[in-house]
């Protein structure tokens with residue numbers, strides 16, 4: 294008869310009031326370095342009795358290890374302390390609001406002509422304007438600013454920042470969680486044309502998951518995402534976060550680990566219709582599953598929803614739109630569309646084809662470089 | 310034509326398509342001025358060497374499955390042939406668009422017989438970015454015809470054409486794609502209205518797509534390809550190193566260490582950061598966790614050790630011990646407080662004997678190393694030193 298397993302729980306000594314917090318991915322390896330358990334630090338892991346090395350990984354890739362070998366007996370429950378270095382945790386982002394910022398804002402109508410860059414905050418669905426026949430939408434609102442960092446509260450309208458420099462326009466999305474706010478800081482280097490962005494979603498767990506995905510820590514991001522998606526009991530203990538749900542879906546879709554995503558992506562669309570990425574991940578999930586008619590039907594709704602806030606979403610939609618437009622025009626029997634829908638599909642394929650060429654590949658959120666100015670109301 | 314390896318193997322195997330284009334027929338020589346007419350591009354002197362290096366690796370060291378077919382197209386520059394004479398006769402087929410189309414079609418056909426087969430695709434040459442999982446890649450006769458992209462192909466088309474469909478239900482489910490090209494968003498391309506690239510494959514609607522098909526791009530968004538004149542590129546160098554070492558955990562049953570798409574990406578990132586190449590490798594498509602090869606035992610891991618403060622008092626010896634408390638062979642830093650050492654993946658501790666330590670020796674807790682890390686493994690012994698006299 295097998296010996297009863299030991300249960301490991303974890304106490305992370307993370308510095309308070311930093312941008313990252315919450316669950317970190319954990320690996321438990323035996324002395325031959327075989328991974329015997331993998332999970333997240335606010336969950337319990339079970340292992341056979343024995344000797345183990347236990348590691349937590351931070352979003353920047355640094356590893357924190359439990360000092361020395363951990364020895365557990367049959368049926369034992371042990372809490373392990375894992376110290377995490379202060380220096381590895383970035384501080385929270387705060388929007389600055391100095392007197393000089395206020396003065397610049399007041400003088401902006403005149404001074405904007407002397408700056409090499411100008412900024413504006415855009416609210417609304419700019420994609421609708423590019424696809425004729427999209428049902429009436431609120432005109433895109435444009436609010437010029439001289440600031441290069443903002444704290445933006447949630448509203449159901451998508452937020453993008455415009456950066457104009459020498460008549461060239463750049464736009465990047467600002468994802469904001471429902472009921473929350475996002476602090477964003479940006480800079481565009483005039484010499485290298487490099488766009489740098491920093492986000493703080495004011496949710497340590499969301500910031501951590503975003504950082505893992507953004508820094509291509511695939512195993513770690515998958516570990517967290519898989520736990521979220523396949524363990525409803527675990528996610529029920531968490532603050533509900535549509536952005537975290539979307540990120541989890543993107544990570545697993547990228548990994549082509551689709552278990553649990555039918556219900557997950559369907560719920561995303563039903564519960565968060567304000568989030569364009571919900572539709573994007575649902576479409577990609579359906580297409581991967583070979584359910585192309587359903588994917589196509591939803592794809593035709595994309596103009597109403599808007600452009601995804603995460604780069605992968607734009608890439609997926611461009612890919613599927615191009616394929617469906619080509620096959621539908623060739624008379625593919627399972628992609629039955631009316632003439633009006635065909636025209637719309639071709640326009641969606643064309644627009645997203647232009648968007649992918651403009652995507653900034655150094656960023657995981659959507660950023661479009663050197664594109665025509667978005668028309669505002 | 311171009312089929313340089315053709316083994317009759319029962320069971321699963323690898324079908325490889327490797328392309329290296331340096332000698333672009335319609336572009337000026339490297340170093341000469343390039344005009345708007347030639348898209349500001351020049352001939353290259355690294356891609357054919359890079360592709361050959363990869364070909365060499367998979368045919369000598371091997372992958373986790375035996376090679377069934379290898380198709381090789383090379384358009385080497387004279388300079389590369391001087392450096393590597395085997396390039397002259399490695400393949401009878403130069404990398405024209407026509408040859409690529411024919412060989413790609415044969416490659417797909419061969420790969421459509423056994424789901425357990427693996428495909429391996431590598432391209433080195435000029436390319437321009439077109440989306441997160443897509444690029445337009447240029448073959449040797451680029452700019453021969455009036456239509457600007459006629460002698461190019463799209464990775465999106467290749468990837469889509471390799472999906473499982475009703476007519477190809479048994480296509481290989483494990484597919485590796487490596488693209489070693491400058492991803493500069495070419496200004497000339499933007500001047501054309503909706504330029505089209507001729508398809509290599511006809512596309513059908515896919516069935517349920519369970520592929521593991523990672524696509525790794527050597528560089529990203531406007532960065533210049535990391536080619537080195539008359540040498541294999543940094544990407545091909547980093548990739549072969551990754552094939553040799555990039556495994557992070559052993560299989561619980563066989564004890565073999567798996568080199569996967571994710572561990573390859575981690576190793577490439579480490580190489581790029583360590584060598585300060587100033588750009589990123591990107592991995593997209595249906596990544597999954599496919600295994601490309603196995604290592605028989607734990608891989609070599611490069612680690613940097615730092616002991617602080619520098620003034621530890623004489624005599625002073627610093628060393629690294631494994632989990633059996635045995636000193637790591639060949640690691641003799643003496644009194645050096647900063648040093649690099651290569652160890653097998655495992656658990657290690659630093660041992661310090663120093664004149665100023667209150668108690669000798671100092672031994673750090675055991676720490677696990679299963680992948681290379683850039684920040685040094687740092688030990689601050691300030692609190693353990695006798696007060697300075």
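Protein chains in written order, with my numbering: chain A, 294 to 670; chain B, 310 to 698.
Virtual Cβ for every residue (Gly too), placed ideally from N, Cα, C.
Residues of the segment 509–521 of chain B that bring their beta carbon within less than 8 Å of a beta carbon in chain A comprise 512, 513, 514, 515, 516, 517, 518, 519, 520, 521, in sequence order. When C-beta distances to chain A are compared with 8 Å, the residues of the segment 637–665 of chain B below that value are 654, 655, 656, in chain order.
Distance between residue 317 of chain B and residue 398 of chain B, taken at the CA atoms: about 23 Å. Within chain A, no C-beta atom comes less than 9 Å from the C-beta of residue 689 of chain B; the nearest is roughly 11 Å away. Interface annotation, residue 654 of chain A: in contact with chain B, CB-CB separation under 8 Å. If you ignore the 5 residues before and after residue 513 of chain B, its C-beta comes within less than 6 Å of the C-beta of 474, all in its own chain and listed in chain order. Between the segment 639–654 of chain B and the segment 593–603 of chain B, the count of C-beta pairs closer than 8 Å stays below three; the two stretches do not touch. For residue 480 of chain A, the three-state secondary structure derived from DSSP is strand.
C-alpha of residue 575 of chain B to C-alpha of residue 626 of chain A: approximately 43 Å in a straight line. When DSSP states are grouped into helix, strand and coil, residue 375 of chain A belongs to the strand group. Among the CB atoms of chain A, one or more fall inside 8 Å of the CB of residue 684 of chain B. Around the Cβ of residue 498 of chain A, a 10 Å sphere holds 16 or more other Cβ atoms; the residue is buried. Under the 8 Å criterion on CB atoms, residue 349 of chain B is classed as non-interfacial with respect to chain A. Residue pairing by DSSP puts residue 491 of chain A in a beta bridge opposite A/478. Neighbourhood of residue 578 of chain B in chain A, by CB distance below 8 Å: 509, in chain order. Contact check for residue 488 of chain B against residue 429 of chain B fails: the beta carbons are separated by 8 Å or more. Among the residues of chain B, those whose CB is under 8 Å from the CB of residue 325 of chain A are 559, 564, following chain order. For residue 319 of chain A, the beta-bridge partners assigned by DSSP are A/332, A/349. In terms of beta-carbon proximity, residue 541 of chain B stays away from the interface with chain A, with every pair separated by 8 Å or more. In this structure, the beta-carbon distance from residue 654 of chain B to residue 607 of chain B falls below 8 Å.
Any Cβ of chain A closer than 8 Å to the Cβ of residue 435 of chain B would place that residue at the interface, and such an atom is absent. Beyond the five residues adjoining it in sequence on each side, residue 304 of chain A comes within less than 8 Å, by CB distance, of 372, 373, 374, 375 in the same chain, given in chain order. Residues of chain B with a Cβ closer than 8 Å to the Cβ of residue 583 of chain A are, in chain order, 514, 515, 516, 517, 518. By the C-beta criterion, the segment 335–353 of chain A is judged to be in contact with the segment 510–525 of chain A, since at least 3 inter-stretch pairs fall below 8 Å. A direct Cα-to-Cα measurement between residue 316 of chain A and residue 458 of chain A gives close to 41 Å.
Boundaries of the beta strand (DSSP E) around residue 323 of chain B: 323–330.
One finds 675 in chain B with Cβ atoms closer than 7 Å to the Cβ of residue 362 of chain A, taken in chain order. For the segment 612–650 of chain B, not one full-length alpha helix (DSSP H) segment reaches 4 residues or more. The DSSP-derived three-state label of residue 359 of chain B is helix.
Annotation for residue 364 of chain B: 327, 381 place their beta carbon closer than 6 Å to its own, counting only its chain and skipping 5 residues before and after. Scanning its chain for C-beta atoms nearer than 6 Å, with the 5 sequence neighbours on each side dropped, one finds around residue 527 of chain B the residues 489, 544, in chain order. Taking a C-beta distance under 8 Å as the contact criterion, residue 594 of chain A and residue 572 of chain A qualify as a contact pair.
Around the C-beta of residue 438 of chain B, 16 or more other C-beta atoms lie within 10 Å, and the residue is accordingly described as buried. Residue 435 of chain A has its alpha-carbon roughly 50 Å from the corresponding atom of residue 679 of chain B.
Distance from the CA of residue 437 of chain A to the CA of residue 495 of chain A, rounded to the nearest whole angstrom, comes to 24 Å.
Non-local beta-carbon contacts of residue 541 of chain B in its own chain, meaning distances under 7 Å to residues more than five positions away in sequence, involve 355, 358, 359, 362 in chain order.
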